[in-house]
Every structure is written in structure tokens, then in C-alpha cells.
Amino acid sequence: MSTTSSRAADRARIAEIDDKILALKHSIQVLEAEKMRTQERLDEYTYPVLSLPNEIVSEIFNHFVPIYPSPPPLVGYLSPTVLTHICRTWREIAFTTPALWRARSRGLPLSFWMQPAGQTLSDECLAALIFHRARWEYMTLMLASESDAAGVQGAMPLLLQLDILSWGNTRPRIRFDEAPRLRSVIFWSNHSSTETFPWSQLTSLTLLYDADCPAILQHAVNLIYFHLVLWGESETAVTADIRLPCLKTLVLTQFEEGDDHVATHYLEALIAPSLRTLEVAEALLQPNPVGALHSFISKSGCHLQELCITGDTRSVSEVVYRHRFKDVPKFSFDMAVTDYYSYAEKFSEKRYVVL
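If you want it as C-alpha cells, here you go:
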């Protein structure tokens, strides 16, 4: 029941509440003012990384992706698209950095790598590549016909490295006589006469053996690195010694593990007086591995610093090898390298090294 005293108490309580509301509103106003001042300070702050000039950020971006000429993935980690997802500023910088996007790269040199092996390009893709032939620097190509081979010929002023395979029943002859900077070549089952290819300017050569190998080596006198992949029996006898005066590294591997008919006479035909590193499959030293190595080293007159025997079987014990070649400072055995593919996988990081 309402009484005079209860109503007086209610009025007093309302007055107290009004005072508290007024005080709280004042506190809110003070807090909102403080919030505004704090936000203004934050808005004025620039994160150090965002204060960098765009040119510096662009250079950092170029070091984020795999070093050219190794290609970055199209999506995911290490893809340049990751850089566009951080903030609007970085997105704009990434899209205006040509080296991240070789498709938007204007006049920058190009690196092109096909994977998997054994598949040729469509006519449209090949035509697009040929259109930019003057910008090629590191190229992997699969050619299926004489017309493909004819199409890629022409001036290639920037070309440093070429990995080329002819695919199909016919092996087209390759002609690259307008590539003054070419130094490194990986040849798969190609026919390229010594007159139509600049062998003498090469410093690095990986060659899948065919009948032209002896003639090629007679012209490739400036090789520093040579990897010979032997496959099946030799169709051409090596009738004369092949001298490679500048050669520092020699690698001999089988194309396929367990090839019982692979040629084993190539090492004895080579003379490499400057050789420092030799890596050879024991299967290619048969029937007398120790004798074959000793004869080669003695005949070449080289001072080996590294010798590695590859393959997953041993006909001579490691103890015997080390004893007979104790003058070689670094002697090793690698049973994981059994064929060309295992070698290529192990040393994939050296793919773009041009000597």
C-alpha cells in the first residue's frame, strides 16, 4: 500500500538513479573522447614494414619466391599469389612487380620448364613460346617433329641453358647456331650435327648416349662439367682418344638400373688432365673396376680431389677401393644413385647452375 513516506522514498530513489545515470553518461563521454584520441594516435601510426619504399618491398617479394630461374608454384606456399592476400598495399605492390609474374614480365628473360617429361606442347603453347624466343634464358622443350624443331630455330640472344628432348618415332635434327650465350645443354635422344650446334662454346653438357657422342665430344673442348648417360650397347666404337682439357667434373651413369648390355668402354677413351671430381657407376667399370679407374687416372694425368662410386651393388669392397686410391682426398660411395633419374632427383637443386 502506497503511503506518504513510501512515495517520498521512491522519489528520492529516482533522484539517486538520475544522478547515477548522469554520472555514467559523463563517464561514457570521457571514455568516448579518450577512445577517439587513442584511435587517432593509432591511425597516425605506420607499421615499419609499411613505411618501406615500394621498391624495397618489391625486392623483398622477389626473394620470397624461388630464385629465378627455378619456377614458383602457381598456388600455395611460395606462390606469388600468397603475397596478394596480406593487405591491399602489398597486393598492389605484388601485382606491379613484373619479376613475380613472368606472364606480365614485359621484357624480362624467361625460364620455362615442362613437367612431366614425355609430353609435348600443344601447337598454341609452342607458338606462344616461339613468339618470345628472344627472351629465352633457361628452356626445357619436348619436340615431336621436324616442324617443331624448325619452329624453335632462330636468334636466341639470352639463352644460357637448354634442356631438349625429341619425342616420337623420328628424332628431328636440332639447329641452334644463333645462341651466343649458350653454355649448358641437356640433350635427350637428339640428332644435332657438329656443324649446326655450337658445341665448342658449351661449358656444361649432359648427354644421353647416341652414335654422335664421340664426334660431339671432339668439338666440345671447353667443357667443365660433363655427364654421360649410357643406355644399351654402344653402336659406335670409340676408335680414338677424346681429350677434354678443361673438364673439372665427370659423371657417368646408367640410364636404367640393371642394364646388362650397357657400354663399359667410354672411360678408357677419355683424357681429362684437369679433372678434379669423378662420379661413376661401378657397373660401367666392369670387368675390372679398380684397374679401369687406375688406368683412367694415370692416362689423364689428373689430380683427383673427389671420387664417388655409385650403384647399389659392389663387386669390389670399399676397403679395397680406399686402399688403392688413398691419394684421393675425398672418396665416397652412394648406393642411392642407381640410374639417371635417381641422380637427377638428388642433384635437382643444381639444375640451373651454369658454369
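Per the working numbering, the sequence shown starts with residue 90, numbered consecutively. Note that the Cβ used here is the ideal one computed from N, Cα and C, for glycine as well.
Requested in this report: Take every Cβ of the stretch 114 to 131, pair it with every Cβ of the stretch 156 to 169, and state whether three or more of those distances are shorter than 8 Å.
Outcome: no
**Report entry** Separation of residue 106 from residue 128, as counted between CA atoms
**Finding:** Looking up residue 128 in the sequence shown gives position 39. Looking up residue 106 in the sequence shown gives position 17. Distance between the alpha carbons of residue 128 and residue 106: 32 Å.
Query raised in the report: Of the residues 132, 182, 115 and 301, which one's Cα is nearest the Cα of residue 142?
Result: Here residue 142 refers to the residue found at position 53 of the sequence shown. It is 182 whose Cα lies nearest to the Cα of residue 142.
**Report entry** Cut-off 6 Å between Cβ atoms - residues of its own chain near residue 411, not counting five sequence neighbours on either side
**Finding:** As a working note, residue 411 is residue 322 in the sequence shown. 420, listed in sequence order.
Requested in this report: Apply the 10 Å Cβ neighbour rule to residue 175 and answer buried if 16 or more other Cβ atoms are within range, or exposed otherwise.
Outcome: Position 86 of the sequence shown, counted from the start, is the residue given in the question as residue 175. Counting Cβ neighbours within 10 Å, residue 175 comes out exposed, since fewer than 16 surround it.
Query - Chain-order list of residues whose beta-carbon lies under 7 Å from that of residue 268 (same chain, five-residue window excluded) - result: Walking along the sequence shown from the start, residue 268 turns up at place 179. Cβ within range, chain order: 245, 248 and 287.
Requested in this report: Assign residue 113 to buried or exposed, taking buried as 16 or more other Cβ atoms, counted over all protein chains shown, within 10 Å of its Cβ.
Outcome: Numbered from 1 along the sequence shown, position 24 holds the residue referred to as residue 113. Exposed.
Query raised in the report: So what does residue 332 bridge to, in DSSP terms?
Result: Within the sequence shown, numbered from 1, the residue matching residue 332 stands at position 243. Partner(s): 360.
Query raised in the report: Can you name the residues that DSSP bridges to residue 398?
Result: Counted from its first residue, the sequence shown places residue 398 at position 309. Bridge partners of residue 398: 369 and 422.
Report task. Please determine if the stretch 327 to 347 and the stretch 310 to 317 are in contact, where contact requires at least 3 C-beta pairs separated by less than 8 Å. Result -> yes
Query raised in the report: Per DSSP, which one or two residues make a beta bridge with residue 227?
Result: One-based indexing of the sequence shown puts residue 227 at position 138. 200 and 250, per the DSSP bridge assignment.
Report task. Quick one: residues in its chain with C-beta nearer than 6 Å to the C-beta of residue 202, no 5 flanking neighbours on either side, listed in chain order? Result -> Here residue 202 is taken as the residue at index 113 of the sequence shown, counted from 1. These residues qualify, in order along the chain: 160 and 229.
Report task. Quick one: give me the first and last residue of the alpha helix (DSSP H) that residue 389 is part of. Result -> The residue labelled residue 389 in the question sits at position 300 within the sequence shown. Run containing residue 389: 378 to 389, per the alpha helix (DSSP H) assignment.
Query raised in the report: Considering only residues of the same chain and omitting the five flanking positions on each side of residue 302, which have a CB-CB separation below 7 Å?
Result: The residue given as residue 302 occupies position 213 in the sequence shown. So the qualifying residues of the chain are 296.
Query raised in the report: I think residue 340 touches residue 357, with their Cβ atoms under 8 Å apart; what is that distance to the nearest whole Å?
Result: Indexing the sequence shown from 1 puts residue 340 at position 251. Indexing the sequence shown from 1 puts residue 357 at position 268. That pair is no contact at about 16 Å.
Query raised in the report: Where does residue 156 fall in DSSP's three states?
Result: Counted from its first residue, the sequence shown places residue 156 at position 67. Here residue 156 sits in coil by DSSP.
Report task. Whole angstroms is fine: what's the gap from residue 359's alpha carbon to residue 330's? Result -> The residue labelled residue 359 in the question sits at position 270 within the sequence shown. The residue labelled residue 330 in the question sits at position 241 within the sequence shown. Their Cα atoms are separated by approximately 6 Å.
Query raised in the report: Per DSSP, what kind of secondary structure is residue 274 in: helix, strand or coil?
Result: Taking the sequence shown and counting its residues from 1, one reaches residue 274 at position 185. Three-state DSSP puts residue 274 in a strand.
Query - Own chain residues within Cβ distance below 8 Å of residue 405, not counting five before or after - result: In the sequence shown, counting from the first residue as 1, residue 405 sits at position 316. 371, 378 and 379.
Query - Candidates 291, 264 and 266, of which the one nearest residue 274 by Cα - result: As a position in the sequence shown, residue 274 is number 185, starting the count at 1. Selected option, being the one with the closest Cα: 291.
Requested in this report: Would you mind working out which of 148, 139 and 342 sits nearest residue 433, comparing C-alpha positions?
Outcome: Numbered from its first residue, the sequence shown carries residue 433 at position 344. Looking at the Cα atoms, 342 is the closest of the given residues.
Query raised in the report: Can you tell me the Cα-Cα spacing of residue 144 and residue 212, whole angstroms?
Result: Your numbering for residue 144 matches position 55 in the sequence shown. Your numbering for residue 212 matches position 123 in the sequence shown. Their backbone Cα atoms lie some 38 Å apart in a straight line.
**Report entry** Member of 416, 383, 388 and 384 whose CA lies at the smallest distance from the CA of residue 395
**Finding:** The count along the sequence shown starts at 1 and reaches residue 395 at position 306. That would be 416, whose Cα lies nearest to the Cα of residue 395.
Query raised in the report: For residue 266, which of 239, 254 and 277 has the nearest alpha-carbon?
Result: Sequence index remark: in the sequence shown, residue 266 carries index 177 (1-based). Checking every option, the nearest Cα to that of residue 266 belongs to 239.
Query raised in the report: Given a threshold of 16 other Cβ atoms within 10 Å of its Cβ, counted over all protein chains shown, does residue 206 qualify as buried or as exposed?
Result: What you label residue 206 is simply residue 117 of the sequence shown in a count that begins at 1. Note that residue 206 has pLDDT 49, beneath the 50 cutoff, so the model's placement of it is unreliable and no number is given.
Report task. Would you mind sorting residue 276 into buried or exposed? The rule is 16 or more other CB atoms within 10 Å of its CB. Result -> Here the question's residue 276 lines up with position 187 in the sequence shown. Buried, by the Cβ-count rule.
Report task. Measure the C-alpha to C-alpha separation of residue 354 and residue 361 and round it to an integer number of angstroms. Result -> As a position in the sequence shown, residue 354 is number 265, starting the count at 1. As a position in the sequence shown, residue 361 is number 272, starting the count at 1. Residue 354 and residue 361: Cα-Cα distance of roughly 15 Å.
Report task. Throw me the rounded Cβ distance for the residue 179 and residue 189 pair, which I believe falls under 8 Å. Result -> Numbered from 1 along the sequence shown, position 90 holds the residue referred to as residue 179. Numbered from 1 along the sequence shown, position 100 holds the residue referred to as residue 189. Between residue 189 and residue 179 the Cβ distance is about 12 Å, and since that is not below 8 Å, they are no contact.
Report task. Could you tell me which residues DSSP pairs with residue 405 in its beta bridges? Result -> Mapped onto the sequence shown, residue 405 falls at position 316. Looking at the DSSP assignment, residue 405 forms no beta bridge with any residue, so it has no partner.
Query - Proximity of residue 374 and residue 382 at Cβ, strictly below 8 Å - result: Locating residue 374 in the sequence shown gives position 285, where the first residue counts as 1. Locating residue 382 in the sequence shown gives position 293, where the first residue counts as 1. Yes, they are a contact pair.
**Report entry** Alpha carbon of residue 98 to alpha carbon of residue 134, nearest angstrom
**Finding:** Position 9 of the sequence shown, counting from 1, holds the residue named residue 98. Position 45 of the sequence shown, counting from 1, holds the residue named residue 134. Those two C-alpha atoms are separated by around 54 Å.
Query raised in the report: Got a sec? Which residues, its chain only, sit under 7 Å from residue 332 by beta carbon, not counting five neighbours each side?
Result: Start at 1 with the first residue of the sequence shown, and residue 332 comes out as number 243. Only 360 meet the Cβ criterion.
Query raised in the report: Any idea if residue 384 is buried or exposed, counting beta-carbon neighbours within 10 angstroms, 16 or more meaning buried?
Result: In the sequence shown, residue 384 corresponds to position 295, counting from 1. Counting Cβ neighbours within 10 Å, residue 384 comes out exposed, since fewer than 16 surround it.
**Report entry** With 16 other Cβ atoms within 10 Å as the buried cut-off, status of residue 103
**Finding:** Residue mapping note: residue 103 aligns to position 14 of the sequence shown, counting from 1. Flag for residue 103 reads exposed.
**Report entry** Any alpha helix (DSSP H) of 4 or more consecutive residues that is wholly inside the stretch 129 to 189
**Finding:** 143 to 153 and 177 to 184
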